[in-house]
Structure formats: structure tokens, C-alpha cells
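Here is the structure we will look at.
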Amino acid sequence: YDSRQYAVVERDTTLTVRVEGTGFNMLMVSLRKEPVSLCLDIKDEAFLHRNLHGATSHSVAVVDKDESLKRELSSYGLRLLGSVKDSLGIVLAERQHRDYHPDISTIHFSFAEGYALYGEPKVSPSRVTLYGSESSLAKIASVKAKETELSNVSLTRTYNVKLDGDWKQYGDVYASEESLTVMVPVERYVEREYTLPVRVDGADSAELIRLFPAEVTLKVWVAQRDLPSLSADRFVVSVNYADIQAGNRALTPRLTRYPEMTRPKGLFPAEVKYAIIKESGDKEKKR
144 YDSRQYAVVE
154 RDTTLTVRVE
164 GTGFNMLMVS
174 LRKEPVSLCL
184 DIKDEAFLHR
194 NLHGATSHSV
204 AVVDKDESLK
214 RELSSYGLRL
224 LGSVKDSLGI
234 VLAERQHRDY
244 HPDISTIHFS
254 FAEGYALYGE
264 PKVSPSRVTL
274 YGSESSLAKI
284 ASVKAKETEL
294 SNVSLTRTYN
304 VKLDGDWKQY
314 GDVYASEESL
324 TVMVPVERYV
334 EREYTLPVRV
344 DGADSAELIR
354 LFPAEVTLKV
364 WVAQRDLPSL
374 SADRFVVSVN
384 YADIQAGNRA
394 LTPRLTRYPE
404 MTRPKGLFPA
414 EVKYAIIKES
424 GDKEKKR
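Letter by letter, the sequence shown follows residues 144 to 430 of the working numbering.
Laid out in C-alpha cells, this is it:
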């Protein structure tokens, strides 16, 4: 049974059996420091299970374990004749439990030159269960990975990382896991430049706005594998009309749309000027 998830309320600890053997074999068994052991797996189909006021009773007929007993005893030259008990049982109560998503912010990556993280690390298992008393579990806010440094990373790899184990300070708390596997996706990256037009978001349709310059240069970092699918029309650079209304003399262009797999490095120039042409009847007024 899972001793982390369950506490033993009651159980049979010994089984007395009748055996036949030579005096020498009997003597050898009697000189053992520990009695012959019989391993019982309560997930065995032969076990009967029933609930008892928050606990679960598991029992098995001894006759169903005769073959296991015979094999164990025969190694000492003894023959099984019978048992003084008809069944064996154990009563288990499930401990209180709480699930946590593992915190991997304690794992620090540094990549080889030209390489970077490609997507998000994948953590397995995705949750860790702590079992224990309600009062102890209430004191545990998170389950973290141990402080770990992964340096000069240049390949996609899966790392085994131990959990910090802070819960061990509480003697009655047990964890479903002692460690995690963290898959770190890595790709080689290159820098690319795109010349992009700047649009005005939220502009009054009655006004004609000229930007100087009307185009800016975008620098991005992109994984080599994604280069064939990348083009300038997947990026959008904008300035906000609200900044013009506020009377700002210069506008800050912002990258308002870009593919998720790219890493923007900057827009150049960082500011643009503007002129507004207002139409009034047959005349044009410039500001």
C-alpha cells in the first residue's frame, strides 16, 4: 500500500501456520532473527475492500495465499499443513492531502551564445500531492524545485531536478514525488531586421496625419527553424492617436502585433514626429 497516502489504523502483523519438516530444518527456522515474511499487495484482486467511517478495511482469505506460503516455506525444507487463521486484514485511513503545481522559478538557465529557450519548459509531473495533517498542510504555501544552475545550454534536454523538501520539517507530511523531470526546449537563434510602416491607432477620420519617418526598422531574434515562415506582414507597428490629442510633440512607436515565436529586440528610431492636415471646406489647414 502507499504509506505516504494512507495511515495504518489496524492490521494483522503475524500469521501462525502449521508445518511439517525435519528437526534440522525446524531448528534452522527457529534460529532466524526475523520470522519468515509474506508480502501482501492490497491491490491484489483477491483482497476484499469495504469502507468503515472514513477508513478502508482490506482483507484476504489465507487460502488464497497458500501458494505464496508454500513457496516461501519450501525454501527452508518445510511443508505447509494449514493455518490457525482464516483471513488477514489491514485497515487504512487516507491522510489529508493538498495538490501543488511545482514552482520551477528556482531553476536558473544560462544558454550558449546564439541559443535560447524555445517555448516553455515542460514539467512532469504537473502537480505534486502532499499528504499529512490539516494543520501542517495549511503552513505549506508552495512546493519548489531545489535551487539549480543549468549553464551553457545548447540542446533540448530533459533534466531530473530534486524537490526542495521544505515539507520534511513537518514530521507528519509526505510527498507523492521527490523529484521532477524538466524538459527544456532549446533552439539556435539569429537576428533579422524588417522595415515596417507605422500606422496611427484611434485616429479621427476627418484628420490626415503624416508621420516622419513613416517607416521604422524592427530588429527581432528568431529561431532558425522558423525563418521560412516569417515575413514583414506578420508584424504591426503603431502609434496612439491619444498621444497626439495629449499634445505630445513626439510619438513612441510600439510593436502591437508579432508572431509568438519571435523575440523583439527594438524599434529604430524610438520616436517619430507628426503633422496633422485638417480639411475645412475647400481649404486645407496644416498644423
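Ideal Cβ positions, reconstructed from N, Cα and C, are used throughout, including at glycine.
Because the structure is a prediction, the values reported are computed rather than measured.
For the alpha helix (DSSP H) that Glu414 lies in, which residues bound it at each end?
Translated into positions along the sequence shown, residue 414 becomes position 271. Where Glu414 is concerned, there is no enclosing alpha helix (DSSP H), given that its DSSP letter is neither H nor E.
Per DSSP, which residues does Gly232 bridge with? Please list them.
One-based indexing of the sequence shown puts residue 232 at position 89. Gly232 pairs with Ser202.
Euclidean distance between Cα positions of Thr360 and His244
Counting from one through the sequence shown, the residue named residue 360 turns up at place 217. Counting from one through the sequence shown, the residue named residue 244 turns up at place 101. If I take the Cα positions, the gap works out to 41 angstroms.
Is the separation between the beta-carbon of Val341 and that of Val380 shorter than 8 angstroms?
As a first step, residue 341 must be located in the sequence shown, where it is residue number 198. As a first step, residue 380 must be located in the sequence shown, where it is residue number 237. Cβ atoms of Val341 and Val380: closer than 8 angstroms.
Using three-state DSSP, classify Pro245 as helix, strand or coil.
As a position in the sequence shown, residue 245 is number 102, starting the count at 1. Coil, per DSSP.
Let me know if Ile387 comes out buried or exposed under the rule of 16 or more other beta-carbons within 10 Å of its beta-carbon.
Walking along the sequence shown from the start, residue 387 turns up at place 244. Ile387 comes out buried.
Leu373 in three-state terms, based on DSSP
As a position in the sequence shown, residue 373 is number 230, starting the count at 1. Residue state, collapsed to three classes: coil.
Where the beta strand (DSSP E) containing Met404 begins and where it ends
Sequence index remark: in the sequence shown, residue 404 carries index 261 (1-based). Taken as a continuous stretch (DSSP letters only), Met404 belongs to no beta strand (DSSP E), as it is neither H nor E.
By the DSSP assignment, the beta strand (DSSP E) with Ser279 in it spans what residues?
Taking the sequence shown and counting its residues from 1, one reaches residue 279 at position 136. Taken as a continuous stretch (DSSP letters only), Ser279 belongs to no beta strand (DSSP E), being part of the alpha helix (DSSP H) at Glu277 to Leu280.
Can you grab the Cα-Cα spacing for the pair Tyr144 / Lys408, in whole Å?
Indexing the sequence shown from 1 puts residue 144 at position 1. Indexing the sequence shown from 1 puts residue 408 at position 265. Taking the straight line joining both Cα atoms gives about 55 angstroms.
Report buried or exposed for Ile420, applying the criterion of at least 16 other Cβ atoms within 10 angstroms of its Cβ.
By one-based count along the sequence shown, residue 420 stands at place 277. By the 10 Å Cβ count, Ile420 comes out exposed.
When the Cα atoms are used, what is the spatial distance from Arg392 to Arg353?
Taking the first residue of the sequence shown as 1, we reach residue 392 at position 249. Taking the first residue of the sequence shown as 1, we reach residue 353 at position 210. Going from the Cα of Arg392 to the Cα of Arg353 covers about 13 angstroms.
Is Asn295 near Ala255, with beta carbons less than 8 angstroms apart?
Working through the sequence shown from its first residue, we reach residue 295 at position 152. Working through the sequence shown from its first residue, we reach residue 255 at position 112. Yes, the pair counts as a contact, with Cβ atoms nearer than the cut-off.
Using the C-alpha atoms, what's the distance from Cys182 back to Leu223?
Along the sequence shown, one-based indexing puts residue 223 at 80. Along the sequence shown, one-based indexing puts residue 182 at 39. So the alpha carbons of these two residues sit roughly 17 angstroms apart.
For the candidate residues Ser319, Pro402 and Pro396, whose alpha-carbon lies nearest to that of Pro412?
Counting from one through the sequence shown, the residue named residue 412 turns up at place 269. Ranking Ser319, Pro402 and Pro396 by Cα distance to Pro412 puts Pro396 first.
Taking Thr249 as the reference, which of Leu293, Ser276 and Gly225 has the closest Cα?
Taking the sequence shown and counting its residues from 1, the one referred to as residue 249 is at position 106. When only C-alpha atoms are compared, the closest one is Leu293.
Looking at the unbroken beta strand (DSSP E) that takes in Glu330, where does it start and where does it end?
Residue mapping note: residue 330 aligns to position 187 of the sequence shown, counting from 1. Glu330 -> beta strand (DSSP E) spans Val329 to Asp344.
With a Cβ-Cβ cutoff of 8 angstroms, do Thr405 and Trp364 count as a contact?
To locate residue 405, count along the sequence shown from 1; it is residue 262. To locate residue 364, count along the sequence shown from 1; it is residue 221. Yes.
What does DSSP give as the partner residues of Ala317 in its beta bridges?
Taking the first residue of the sequence shown as 1, we reach residue 317 at position 174. A small correction: the amino acid at residue 317 is Tyr; Ala does not occupy that position in the sequence shown. Tyr317 is bridged to Tyr274.
Provide the residue(s) that pair with Val151 in DSSP beta bridges, ordered along the chain.
The count along the sequence shown starts at 1 and reaches residue 151 at position 8. Val151 pairs with Leu235.
For Glu321 and Ala150, the rounded distance between their alpha carbons:
Counting from one through the sequence shown, the residue named residue 150 turns up at place 7. Counting from one through the sequence shown, the residue named residue 321 turns up at place 178. Cα-Cα distance, rounded: 19 angstroms.
If you draw a straight line from the alpha carbon of Ala236 to that of Pro371, how long is it in whole angstroms?
Reading the sequence shown from its first residue, position 93 is the one you call residue 236. Reading the sequence shown from its first residue, position 228 is the one you call residue 371. Ala236 and Pro371: Cα-Cα distance of roughly 59 angstroms.
Could you tell me if Val206 is buried or exposed, where buried requires 16 or more neighbouring beta carbons within 10 angstroms of its beta carbon?
To locate residue 206, count along the sequence shown from 1; it is residue 63. That one is exposed.
Residue from Met171, Leu306, Lys213 and Arg238 whose Cα sits closest to the Cα of Gly275:
Counting from one through the sequence shown, the residue named residue 275 turns up at place 132. Measuring from the Cα of Gly275, the nearest candidate turns out to be Arg238.
For Lys208, count neighbouring C-beta atoms within 10 Å of its own C-beta (all shown protein chains included) and say buried if the count is 16 or more, exposed if not.
Along the sequence shown, read from residue 1 onward, the residue named residue 208 stands at position 65. By the 10 Å Cβ count, Lys208 comes out buried.
Just mark Ala366 as buried or exposed, buried being the case when its beta carbon has 16 or more other beta carbons within 10 Å.
Here residue 366 refers to the residue found at position 223 of the sequence shown. That one is buried.
Outcome for His201 when other beta-carbon atoms lying within 10 angstroms are tallied against a minimum of 16:
Mapped onto the sequence shown, residue 201 falls at position 58. Per the 10 Å Cβ criterion, buried.
For Gly225, report the span of its alpha helix (DSSP H) as first-last.
Taking the first residue of the sequence shown as 1, we reach residue 225 at position 82. Note, Gly225: premise wrong, no alpha helix (DSSP H); beta strand (DSSP E) at Arg222 to Ser226.
Out of Asp307, Asp315 and Thr159, state which residue places its alpha-carbon closest to the alpha-carbon of Glu290.
For the purposes of this step, residue 290 is taken as the residue at position 147 of the sequence shown. Per the Cα distances, Asp307.
Euclidean distance between Cα positions of Gly166 and Leu216
Here residue 166 is taken as the residue at index 23 of the sequence shown, counted from 1. Here residue 216 is taken as the residue at index 73 of the sequence shown, counted from 1. Approximately 15 angstroms, taken between the alpha carbons.
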